[in-house]
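So the protein sequences, as listed, match chains A and B.
Under the numbering used here, the residues of the first sequence are numbered 1 to 10, in order.
Under the numbering used here, the residues of the second sequence are numbered 1001 to 1212, in order.
The beta-carbon is built from N, C-alpha and C at its ideal position, and this holds for glycine as well.
Everything numeric in this text was worked out from a predicted model, so none of it was measured.
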Amino acid sequence: GEEGRQHDEL
Amino acid sequence: MTLFRLAGDLSHVLAILLLLYKIWTTKSAAGISGKTQLMFCMVYVTRYLDLFTSFISVYNSTMKVLFISASVATVYLIYFKFKATYDGNHDTFRMEFVIVPALILALIWNYAFTFFEISWAFSIFLEAVAILPQLFMVTKTGEAENITSHYLFALGSYRALYILNWIDRYYFEGHWDPIAVTAGIVQTVLYGDFFYLYFTRVIKGRKLQVLP
């Protein structure tokens, strides 16, 4: 979406 | 978190600590590309902007802080504390050749046209190629000290293990991050030649030499 995504990796 | 990712992260931490250890104990930054380290520092800072806005886990935040601080310390040791030992005239790769394309690509390919997402994509693309000045330097001087080789091996292993993690996550969770996977494959491929030399020379107790 517009907010992007949650980046759970380093 | 998959086991591959944990192993990859630990390999990444090991690489960073090995480099700091080498510079600190030998009081020398000889053979180390300051430009690669400067770009890694940019990578961590631009990627972990979400440190204060998005909480994932204690593990995640701790690692982010560790990567940023170790990277800043490494740059400080190379450019300030042991500046006299830094091989600046062998570190000739032009950083703008990778920083500018990474920025342009991030503006085109991102998950949302927002400052955070563009900064994140930029960091992923820049990380993929940030090792080039270091590999270029090894090629130029024709050799690397053993500990530098171990550092490069740990760093290359980190992204190779992440590829296994992505396969695992795709298969079991349906998780798929095209930007990270594409950049990660490019990044791992760049270590190809180096891995070969590492296994054929360093493991057999010889120094890594590019020229026969």
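| query | result |
| --- | --- |
| Cβ distance (whole Å) where T1188(B) is taken to contact A1154(B) below 8 Å | That belief does not hold up - the Cβ atoms of T1188(B) and A1154(B) are roughly 13 Å apart, past 8 Å. |
| Q1134(B) classed as buried or exposed, judged by whether at least 16 other C-beta atoms fall within 10 angstroms | buried |
| Amino acids of chain A, ordered along the chain, whose beta-carbon sits closer than 9 Å to that of K1064(B) | L10 |
| Residue-level contact to chain A via CB, T1182(B), 8 Å cutoff | no |
| Coil, strand or helix - A1030(B) by DSSP | coil |
| DSSP bridge partner residues for A1144(B) (one or two, in chain order) | L1208(B) |
| Boundaries (first-last residue) of the alpha helix (DSSP H) holding I1131(B) | Careful: I1131(B) lies outside any alpha helix (DSSP H) and carries neither H nor E. |
| Beta carbon of D1177(B) nearer than 8 Å to that of F1004(B) | no |
| Outcome for Y1111(B) when other beta-carbon atoms lying within 10 angstroms are tallied against a minimum of 16 | buried |
| The stretch 1065-1082 of chain B / the stretch 1127-1142 of chain B touching (three or more Cβ pairs under 8 Å) | no |
| Reduced DSSP category for Y1021(B) - H, G, I as helix; E, B as strand; rest coil | helix |
| Secondary structure of G1(A), DSSP reduced to three states | Residue placement at G1(A) is flagged as unreliable, the pLDDT there being 49, under the threshold of 50; a coordinate-derived value is accordingly withheld. |
| Distance between L1152(B) and V1065(B) (C-alpha atoms, nearest Å) | 22 Å |
| Cutoff 8 Å: I1203(B) Cβ touching any chain A Cβ | no |
| Where R1047(B) sits in the DSSP three-state scheme | helix |
| Beta-carbon proximity check, Q1209(B) vs E1117(B), cutoff 8 Å | no |
| 8 Å Cβ cutoff, N1060(B) in contact with chain A | yes |
| Residues of the stretch 1138-1152 of chain B with Cβ closer than 9 Å to any Cβ of chain A, in chain order | none |
| When T1141(B), V1100(B), M1137(B) and V1138(B) are compared against S1123(B), the one with the closest alpha-carbon | V1100(B) |
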